[in-house]
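Enquirer: Residue numbers (the working numbering), protein chains in the order written: chain B, 4 to 234; chain R, 267 to 757.
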């Protein structure tokens, strides 16, 4: 699904990301961990063509991301609050994203109904603009919006941060369901090793922009990661 | 915490911002403009006395000046409202460190008094006062008058701060001015006579400067209280009580693929303080013609009437359009990664401008009162706006990478200016172009040929729509990463 070729990103002379080769097969739930400055958000931004690679490129579904816009219809993401439109209500925002992804209101409503308990009655019918919601609630909106229209690739940057414990547990369930029941490729970054080992089939550790570990998740993974980061 | 420390922070913010490089060229142009105005004002200050003496030999020049001062100050305030940059300061980091709030606020307010807009009038008042002394006017009275003028100018500075930040003050003042203008127009009561007497007292009683001093102190304290009150991060703490409705605007669905964007833009305009301000301003542009069409002076120079006509239907296009990608700066990353081709995005903005021009044109129907020539001119101007100005504006937007904070107006610490000098400079060709296109065939052939040329140029532009949009799209595409990075920069 996603192939990374000789990708690097430099700011002036500082190399913040360098990935020789990386392949993410279709349907995989892929976890990215690393300390601050390891290059997680840089990698996701490159995946969304928000920044320009210094060398190399990413191919998604045989489309070169920095050369064509055709990856947009099957890719969805929530990176930070700048993915929300502050002056819309949650419903309006969902319908807007729905329209962009060719989903009518009924389809969007049906999808939202599935996530009713994820919202915990804090999002829908609240008659509030998104800018007036708390950070955690904004995040819930952004995550669910990224699932509208059955995208093939879903990218979530730090989805667990800022969420309350109940919602974290529900989010894990949502991601696992997606992984088991659909062919969606999910890319997640997290600082929380427990969450990420629970939901991801495969985990890549970035350190100073380079992938240093590539693990198929197993019982021993959490321990291995903790040992690595405790060095 | 010293004031000098604030200053050094600000210098760093200025130097390290990404718009710095681009800003430098504009700053040179602004500097030249400033020098020009200084020279013009000084010159005026030096010759005004003798000029008035020649035109009104039976009157004392100082009295004449005082009689008209009210208009001077009104003009001053208007210019300030549109052009003066109000102080912007990120207060959040200072809120929890041990700096007295009063220190920050005094610094902020004091900073505004260093504005060029406060210095400029001095370049008139001081030479004028010197000439008065040369002409053997009593020193103490001239000095009293000069001090009063400086104090009035500073008062305007703080009045401008209030009307910019607070709707109540703004609409209060606007209705006051319109009220007195109407009373004067219908010959019911002429406030300017009273104002003239008032300003003459500033001269005849040397201690009268205590009145503007009091005014200044009062305004400063109002400002202080206003800023002090907003010295909280209300958004983070207070729960928004106002409930809002989900709106559909399904009548826009007929625009097909463009519909979601148009709906969004409509909500953007209706729900955010800053675009609302722009909408209000562009409504005022509709009345621009009243200034030009009623003046005898302009009826002989139709090029200026073209200028007004373009403005009448183009108010929204120019003021909203010049900030086109900036309006979406808060969620630009979303738009760039969502399923949106640039082309569609630009085209929807173009349609929005088209609709705005059409609505303005319909609202401009009463101008038929000034004759069909004028109305035809407005129509030609509207076609030009649709066919060319819209594309020039979208093109200009590609060069504009200043993020806009949508919903900051009532707050005291955001930059709420609807207009700034940079954008004014970019806007100039949009205004001078149509004048030129009209003027050349008008001089060579006749009036109708001028109008025809104007309308034709618009139609040609319209026919080249997809060519223009392609070009603009590729410019936006090229600048995409830079724009994302600039919009990402926190203020």
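Here a beta-carbon is modelled for each residue, glycine too, at the ideal position from N, C-alpha and C.
Any idea what DSSP makes of residue 78/B, helix, strand or coil?
Expert: Strand, per DSSP.
Enquirer: So that I know if they touch, is there some Cβ in chain B lying closer than 8 Å to that of residue 606/R?
Expert: With 8 Å as the cut-off, residue 606/R counts as an interface residue toward chain B.
Enquirer: Rounding to the nearest angstrom, what Cα-Cα distance links residue 403/R and residue 582/R in this structure?
Expert: Taking the straight line from one Cα to the other gives about 51 Å.
Enquirer: For the beta strand (DSSP E) containing residue 58/B, name the first residue and the last one.
Expert: Here the beta strand (DSSP E) through residue 58/B covers 58-63.
Enquirer: Could you tell me the distance, in whole angstroms, from the CA atom of residue 373/R to the CA atom of residue 430/R?
Expert: Whole-angstrom Cα-Cα distance: 19 Å.
Enquirer: For residue 220/B, which of helix, strand or coil comes out of DSSP?
Expert: Residue 220/B falls in the coil class under three-state DSSP.
Enquirer: Within a Cβ cutoff of 7 Å, which residues of the same chain sit near residue 694/R, ignoring the five residues on either side of it in sequence?
Expert: Here the set comprises nothing.
Enquirer: Determine the direct distance from the alpha carbon of residue 103/B to that of residue 482/R, and round the result to whole angstroms.
Expert: Taking the straight line joining both Cα atoms gives about 54 Å.
Enquirer: Report the rounded CA-to-CA distance for residue 523/R versus residue 105/B, giving the unit in angstroms.
Expert: Residue 523/R and residue 105/B: Cα-Cα distance of roughly 10 Å.
Enquirer: Scan the region 118-139 of chain B for residues whose Cβ lies nearer than 8 Å to a Cβ of chain R and list them as they occur along the chain.
Expert: Hits within the stretch, in order: 130, 131, 132, 134 and 135.
Enquirer: Taking residue 600/R as the query, report the chain B residues whose CB atoms sit under 8 Å from its CB, ordered along the chain.
Expert: Correct list: 85, 86, 87 and 88.
Enquirer: What residue does the beta strand (DSSP E) around residue 26/B start on, and which one ends it?
Expert: First-last of the beta strand (DSSP E) with residue 26/B: 17-27.
Enquirer: Which of the residues in the region 588-599 of chain R, read from start to end, lie with their CB under 8 Å from any CB of chain B?
Expert: Hits within the stretch, in order: 596, 597, 598 and 599.
Enquirer: Output, in chain order, the set of chain R residues within a Cβ distance shorter than 8 Å of residue 99/B.
Expert: Neighbours of residue 99/B on chain R, chain order: 526, 529 and 530.
Enquirer: Would you verify that the beta carbon of residue 228/B is, or is not, closer than 8 Å to some beta carbon of chain R?
Expert: For residue 228/B, the answer is no, since every Cβ of chain R falls outside 8 Å of its Cβ.
Enquirer: In chain R, which residues lie with their C-beta within 9 Å of the C-beta of residue 92/B?
Expert: 510, 511, 512 and 513, listed in chain order.
Enquirer: Apply the 10 Å Cβ neighbour rule to residue 16/B and answer buried if 16 or more other Cβ atoms are within range, or exposed otherwise.
Expert: Label assigned to residue 16/B: exposed.
Enquirer: Specify the secondary structure class of residue 34/B as computed by DSSP and reduced to three states.
Expert: Three-state DSSP puts residue 34/B in a strand.
Enquirer: Please classify residue 520/R: is it buried, with 16 or more other beta-carbons within 10 angstroms of its beta-carbon, or exposed?
Expert: The residue in question, residue 520/R, is exposed, as its Cβ has fewer than 16 Cβ neighbours within 10 Å.
Enquirer: Whose C-beta lies closer than 7 Å to the C-beta of residue 360/R among residues of the same chain, with five residues either side of it excluded?
Expert: Hits under 7 Å: 370.
Enquirer: Suppose the cutoff is 8 Å on Cβ atoms and the five residues either side in sequence are ignored; what does the same chain contact list for residue 617/R look like?
Expert: Within the same chain, residue 617/R has close Cβ partners 521, 524 and 528.
Enquirer: Under DSSP, the alpha helix (DSSP H) around residue 12/B begins and ends at which residues?
Expert: It is not in any alpha helix (DSSP H) - residue 12/B instead sits in the beta strand (DSSP E) that spans 5-14.
Enquirer: Consider the C-beta atom of residue 338/R and the heavy atoms of the ligand FAD; say whether any pair is separated by less than 7 Å.
Expert: The ligand FAD is not among the ligands present in this structure, which contains no ligands whatsoever.
Enquirer: With distances taken from CA atoms, which of 169/B, 46/B, 83/B and 185/B is nearest residue 148/B?
Expert: Closest option to residue 148/B, Cα to Cα, is 83/B.
Enquirer: Identify whether residue 213/B lies in helix, strand or coil by the three-state DSSP scheme.
Expert: Residue 213/B falls in the strand class under three-state DSSP.
Enquirer: Which residues in the same chain have their Cβ closer than 7 Å to the Cβ of residue 134/B, if we skip the five residues on either side of it in sequence?
Expert: So the qualifying residues of the chain are 89 and 90.
Enquirer: Measure the beta-carbon distance from residue 182/B to residue 204/B and round it to whole angstroms, keeping in mind my assumption that it falls under 8 Å.
Expert: About 7 Å separates the two Cβ atoms, so the contact holds.
Enquirer: Residues of the region 727-753 of chain R with a CB closer than 7 Å to any CB of chain B: list them in chain order, please.
Expert: Answer in chain order: 747 and 750.
Enquirer: With DSSP as the reference, label residue 192/B as helix, strand or coil.
Expert: Strand at residue 192/B.
Enquirer: Can you give me the Cβ contacts of residue 611/R inside the same chain, cut-off strictly under 7 Å, excluding the 5 residues immediately before and after it?
Expert: The answer, listed in chain order, is 527 and 601.
Enquirer: Note down, in chain order, every chain R residue with its Cβ under 7 Å from the Cβ of residue 82/B.
Expert: Residues of chain R passing the Cβ test: 599.
Enquirer: Looking at the C-beta of residue 496/R, does it have a partner C-beta in chain B at a distance below 8 Å?
Expert: Closer than 8 Å: no.
Enquirer: Closer than 6 Å by C-beta to residue 152/B: which residues in its own chain qualify, once you throw out the five before and the five after it? Chain order, please.
Expert: The answer, listed in chain order, is 104 and 106.
Enquirer: For the 8 Å Cβ check, are there 3 or more pairs between the region 741-749 of chain R and the region 656-664 of chain R?
Expert: Verdict: yes, contact present.
Enquirer: Relative to the alpha-carbon of residue 318/R, which residue among 330/R, 309/R and 308/R has its alpha-carbon at the smallest distance?
Expert: It is 330/R whose Cα lies nearest to the Cα of residue 318/R.
Enquirer: What does residue 533/R reach in chain B if we use C-beta pairs closer than 8 Å?
Expert: Simply 90, 91 and 95.
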